[in-house]
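For the protein sequence lines, the chains are G and Z, in the order given.
For the first sequence, counting from 1, position 470 maps to 470 in our numbering; every step adds exactly one.
Our numbering runs 490 ahead of the 1-based position in the second sequence.
Notes follow the structure.
Number of protein chains: 2
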Amino acid sequence: MTAFEELLTHDRETRAIEQVMGRLRWDQETMMPRGAARQRAEEMAALEAVLHARHADPRIADWLAAAEAQDAAGAAKLARIRREHDRRARVPVELAAEIARCVSLSHGVWAEARAREDVAHFLPALERIVALRCEEAAALAQGGDGYDALLDEYEPGATGAGIAAMFDRMRPRLRALRDAALGAADQPAPLLGEFDRAAQIRLARHLAEVFGYDFQRGRLDLAVHPFSSGAGDDVRITTRVVETEPFNCFYSTIHEVGHAAYEQNIAPAFALSPLGRGASMGVHESQARLYENQIARSRPFCGWLFEKMRLEFGDFGLGGAEEFYATVNRLAGGHIRTEADEVQYNLHIMLRFDLERALVAGDLTVGDLEAAWNDRFEADFGYPVDRPAHGMLQDVHWAIGLFGYFPTYTLGNVYAGCLMAAMREELPDLDAAFAEGDPGPATSWLRDRVQVHGRLMAPRETIEEACGFAPHEGPLLDYLEAKFNAIYAL
Amino acid sequence: MTAFEELLTHDRETRAIEQVMGRLRWDQETMMPRGAARQRAEEMAALEAVLHARHADPRIADWLAAAEAQDAAGAAKLARIRREHDRRARVPVELAAEIARCVSLSHGVWAEARAREDVAHFLPALERIVALRCEEAAALAQGGDGYDALLDEYEPGATGAGIAAMFDRMRPRLRALRDAALGAADQPAPLLGEFDRAAQIRLARHLAEVFGYDFQRGRLDLAVHPFSSGAGDDVRITTRVVETEPFNCFYSTIHEVGHAAYEQNIAPAFALSPLGRGASMGVHESQARLYENQIARSRPFCGWLFEKMRLEFGDFGLGGAEEFYATVNRLAGGHIRTEADEVQYNLHIMLRFDLERALVAGDLTVGDLEAAWNDRFEADFGYPVDRPAHGMLQDVHWAIGLFGYFPTYTLGNVYAGCLMAAMREELPDLDAAFAEGDPGPATSWLRDRVQVHGRLMAPRETIEEACGFAPHEGPLLDYLEAKFNAIYAL
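Shown next as structure tokens:
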């Protein structure tokens, strides 16, 4: 075997074991008996140690030095392995181990603190995590910007400065749109009533199929927090069912189908290779958001979904498709990011982005974080944080060391805006298909233009290749303004 | 760390990863999407390679040479690791790999051959497996008996000669009992009718609880072939539901609960250690059989189960508890081992044991196997094999290289007979509890006398310690004769 082949064989086995780890996590959230938690932690630690040893194999550096790619895909595979290897090599083993240890502890501390509404209980753990991740950022950045080094893990090539500039351009238009909508005379009605659990699950399964999820290579189960997991031929999704919130079930499902279809549609030749996953968190999120929002919350698709829900649930209190459309797109006040609408979601992200960037830069201390969060929230949203679980304790991300992750959510929205604009340009009849409950023309376009490529290209390049233009925030803002100006008769 | 501690730490991680492998097999039979099979094979091969490398770690020999145990449990742990290590060390790596490769292939060939009723299609694969396992047996036996070396993997300490002598003592009494019962004037009625699937599953879950299965540390799902999997705090069982065969669902479930309760009840201090599994296949089977037969097919328990089924299914055609008892214990003709009754099951095992022992000894060729099977079957059962799927193609065992496994089933029955006799001696009121649907006194006795010890003692020693006498076939035969003489009014 050549060095290239040896390297790729080793890498393939590692990725196969990573898939096993992913299956264990899925099992933990869906199937695992409650009493198995401690044993499972030990099983996963043993597997994690195997993965660590494989990643640290000294032969990788030798293979990388000697390997030669025969084609573009081979070169992209090598580049991806080199990238991952270089990042690992820069972080001292002891530091990586200490981060893993602290993350696992602070997750529990955060959950306790949130349940008790006790910020002080969480601060020492968060302080430690911030310090460790800053140390890691410095090791990764090698003199460059620390936050960029962290961000690069989730969104290769993105920079904090670039995102900050984009967010500055977005913020005024989003706030103006939100303020206008919330000040409009007619406000859409919220959904009321109870919706049978079995019927919700039935319709969720149907929606997953409609959006192209391949049940032959996946399955749908219930979990507390919906997620998608796995790659290639085994990509599983979960949803949740609350009797009073059927939209939560349906739109969570469609969102996860966006993630899962991306993984299922990557070229089979890339399976278990360095190219066999989504290009980045941002590109991944763009698929999920586009399925969920630009398609499933569009006026024509809402007309179809309204009729589907009438068939399942009878008259459920909304007078017609137009009212249904306004309700599923309803803007409202609230403190929680995950419950926010398409417009305000991005304001939540911007708040977190600025705060975490200041933390990593050393411009904000963990001790000052709660005050900074609360001040910023009131400035951006117009009302105060009423309790910590509605404020800085609401998200798990920082507790598990995810700094640089938040902006990829809005980046996903921006990418989705670009992709939808390009798609509408090329496929003028999309709405007619959506009105029939058929996202097929859109999901096929995404499959062929984005999903099939996996990690062959860098994230921005992936979007630019698909759209024919460099991604920017314009299409998303235009889409949001057009949509909500119409709904709120602005 | 001492050598002992280093060895046990390494061993513990290996067993944790073996648990992960078990979870993947469970997932494959219960949850895995159909289209994921090829990818799953690659994931399992990668994990298998990890396990292989851990087992082959040269440090194990060094640790074993230097390790000193501090107590009896420590000594037993060392002995078990040494035993497993010695067995592995005797088999050349290439041979082990070739066996694994052939087993995986011949499993598919066997399934095809069985579906097509085509023995010739299976013979080349079987020939190869027999040759390879004989080669392995020779390497393991180092001049000793080859069959014993294979048997020792499943039932440490047992010998082919010892089992043959015991089977020779059992055969006449079993045949006489069978012949008398089948010749009796009054034959129990078979069960007829259809039984709601959901109600079957509901009652199966209830039975699992009644028999002490801990759902906090396990779960019950459906699978084509019922099995139990996992150890310690994550022991999962499966059952099957056929609308016309509720006894299949209920008694399969109770059988698997016997296996699972054994694993769940091993001392927590032994978890993920060399002692943290059942003592042998035979001892394992003894628990499953005792739960299924000596308890759940007893007259008093049948009275309770009859009423339970009446509550679930209304009048289902059996006139009373006595008739119900006779029906669940009904002896009948048939070719299939897994469908055989308590008496004839052992005759099936003896047939396979003699044939596989002759194959390994070189006294029977694979080419002559079908004729030998068919002749022996007619001699033992009194009617001919009508087609290969009812003859030598019915079991998967030989196709996947399991030689020396079959006798552990009857060994399990013999152990169960001994345990039940000893238990009845000590707990004279068992039947009163069974009549209330409460196996608790019996399962608690088994937990404390057998299950809690895991692999602390050798298999026979485990049974002898529990019973107070060396295990022998007498109690099983006495139990069967008493039971079936009464049912058939002999």
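Glycine included, every Cβ here is placed at the ideal spot set by N, Cα and C.
A check of alpha carbon separations from residue 882/Z across 694/Z, 691/Z and 603/Z identifies 603/Z as the nearest. Under a criterion of Cβ atoms nearer than 7 Å, no residue of chain G is adjacent to residue 831/Z; the nearest Cβ is some 34 Å distant. Spanning the alpha carbons of residue 283/G and residue 463/G requires a straight line of approximately 8 Å.
As summarised for the stretch 214-281 of chain G, the continuous beta strand (DSSP E) elements at least 3 residues long and confined to that stretch are 220-222 and 236-239, given in chain order. Segment contact: the stretch 685-703 of chain Z against the stretch 735-747 of chain Z, three or more CB-CB distances shorter than 8 Å; contact assigned. Think of a sphere of 7 Å around the beta carbon of residue 501/Z: no beta carbon from chain G falls inside it, the nearest being about 11 Å out. Taken atom to atom, the span from the alpha-carbon of residue 303/G to that of residue 611/Z is near 58 Å. The contact set of residue 457/G on chain Z, defined by CB atoms closer than 8 Å, is empty, because the minimum CB distance reaches about 24 Å. Straight through space, the alpha carbons of residue 164/G and residue 437/G are spaced by roughly 38 Å.
Residues of the stretch 214-243 of chain G with a C-beta atom less than 9 Å from some C-beta of chain Z are 214, 215, 216, 217, 218, 219, 221, 230, 231, 232, 233, 234, 235 and 236, listed in chain order. By the 16-neighbour rule on beta-carbons within 10 angstroms, residue 671/Z is buried. Between residue 47/G and residue 17/G, the beta carbon gap of about 7 Å places them in contact (Cβ cut-off 8 Å). Taking 8 Å as the Cβ-Cβ cut-off, the stretch 263-276 of chain G approaches chain Z at 271 and 272, given in chain order.
Annotation: residue 154/G to residue 287/G spans about 16 Å, alpha carbon to alpha carbon.
The Cβ-Cβ distance between residue 567/Z and residue 712/Z does not fall below 8 Å. Runs of alpha helix (DSSP H) with 4 or more residues, each lying fully within the stretch 50-106 of chain G, are found at 59-66 and 72-90, listed in chain order. At least 8 Å separates the beta-carbon of residue 592/Z from that of residue 850/Z. Think of a sphere of 8 Å around the beta carbon of residue 507/Z: the chain G residues whose beta carbon falls inside it are 43, 46, 47 and 50, in chain order. Going by DSSP, residue 124/G is part of the alpha helix (DSSP H) stretching over 119-141.
Contact check for residue 264/G and residue 217/G: beta-carbon distance about 6 Å, within the 8 Å limit, so the pair qualifies.
For residue 292/G, no alpha helix (DSSP H) segment is defined, and its DSSP state is neither H nor E. In the pairwise beta carbon analysis, the stretch 312-332 of chain G is classified as not touching the stretch 432-447 of chain G: fewer than three pairs are separated by under 8 Å. Exclusion of the five residues before and after residue 11/G leaves 81 and 274 as the residues of its chain whose Cβ lies within less than 7 Å of its Cβ.
Residue 33/G belongs to the set of residues whose beta carbon lies under 8 Å from a beta carbon in chain Z. The alpha helix (DSSP H) runs lying completely inside the stretch 658-711 of chain Z and spanning 4 residues or more are 687-700, given in chain order.
Under a criterion of Cβ atoms nearer than 7 Å, the residues of chain G adjacent to residue 526/Z are, in order, 217, 233 and 234. Per DSSP, residue 850/Z is one residue of the alpha helix (DSSP H) stretching across 834-851. In the DSSP assignment, residue 803/Z falls within the alpha helix (DSSP H) that extends over 789-803. Neighbourhood of residue 510/Z in chain G, by CB distance below 7 Å: 20, 24, 43 and 47, in chain order. In the three-state DSSP reduction, residue 415/G falls in the helix class (H, G or I).
Under the Cβ criterion (8 Å, minimum of three pairs), the stretch 169-184 of chain G counts as touching the stretch 333-349 of chain G. Classified as buried, residue 451/G has 16 or more neighbouring CB atoms from the shown chains inside 10 Å of its CB. The C-alpha of residue 598/Z is placed about 10 Å away from the C-alpha of residue 890/Z.
When only Cα atoms are considered, residue 91/G and residue 83/G end up about 13 Å apart. Residue nearest to residue 560/Z within the set 641/Z, 923/Z and 494/Z is 494/Z (criterion: CA-CA distance).
For residue 876/Z, the secondary structure class from DSSP, reduced to helix, strand or coil, is coil.
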